[in-house]
Amino acid sequence: QKEVEQDPGPLSVPEGAIVSLNCTYSNSAFQYFMWYRQYSRKGPELLMYTYSSGNKEDGRFTAQVDKSSKYISLFIRDSQPSDSATYLCAMSELGTGNQFYFGTGTSLTVIP
Amino acid sequence: EPEVTQTPSHQVTQMGQEVILRCVPISNHLYFYWYRQILGQKVEFLVSFYNNEISEKSEIFDDQFSVERPDGSNFTLKIRSTKLEDSAMYFCASTDPRGQYFGPGTRLTVT
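See below:
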């Protein structure tokens with residue numbers, strides 16, 4: 001059963017562009033959602049952590065959750081070459097202590 | 113800023129051998145996790161640990177795997193008899209209310 005679906009890309013954008021990354025999921029019980037950035041052969045780096053539906057903003061990053069559509073997004077404004085990485089979404093029913101399910105990751109390249 | 117640390121960064125072992133992967137979670141975190149990522153595939157949950165016992169485990173975490181917190185700082189994953197298909201990156205993570213933080217990983221190569 002594919003719990004979390006994520007378009008693997010690759011996605012290539014010019015510097016300064018707005019990037020939209022998305023995940024869909026099948027389990028309506030998911031309530032906790034995270035976005036990670038992963039550079040090649042490194043550990044995932046937490047970007048955003050949200051609970052339930054709505055928006056959350058942190059600097060150039062905005063996370064959106066639409067539980068009715070089972071769809072989450074990460075927007076990156078004013079993208080930089082240093083944003084080039086793989087972006088992973090992860091989600092869980094109960095949060096802390098509970099299993100998090102990851103998407104396959106979307107590979108992003110920001111071209112200077 | 114505090115970080116999750118893991119040792120070794122790379123472990124090569126022969127099939128059938130036991131390996132122990134070590135992690136030092138962030139000091140005030142209470143929940144700890146092990147994940148693995150086979151090259152080119154998803155990050156997969158193995159186990160979560162709280163208050164010196166397993167909180168949840170996945171189907172991957174069978175009898176050949178065990179976890180332990182032998183002291184106040186270390187958190188270990190033992191694989192009793194490694195198989196070729198255990199070759200992967202193994203990530204430790206710990207959580208606080210702001211989220212789940214990963215270590216840099218241990219690359220396990222089983223030959």
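Protein sequence lines, in the order shown, are assigned to chains A and B.
Just so you know, we're using the numbering used here here: the first sequence kicks off at 1 and counts up by one.
Just so you know, we're using the numbering used here here: the second sequence kicks off at 113 and counts up by one.
Backbone N, C-alpha and C fix where the C-beta goes; we use that ideal spot for every residue, glycine too.
Computed from a prediction, not measured in an experiment: that's the story for all the values here.
The residue among B:Thr188, B:Asp183 and B:Trp146 with its C-alpha nearest the C-alpha of B:Ser170 is B:Trp146. With respect to B:Val116, B:Ser206 sits close: the two C-beta atoms are nearer than 7 Å.
Scanning A:Lys67, A:Asp78 and A:Ala29 for the CA closest to the CA of A:Gln99 turns up A:Ala29. As a beta-bridge residue in DSSP terms, A:Asp58 pairs with A:Phe61. Going by DSSP, B:His141 is part of no beta strand (DSSP E) at all; its letter is neither H nor E. Check the Cα spacing between A:Lys42 and each of B:Tyr213, B:Thr223 and B:Val222: the tightest is with B:Tyr213.
In the displayed model, B:Asp198 falls within a helix according to three-state DSSP.
For A:Leu108, no Cβ of chain B is located within less than 7 Å of the residue's own Cβ. By the rule that beta-carbons nearer than 7 Å mark a contact, A:Gly54 does not touch chain B.
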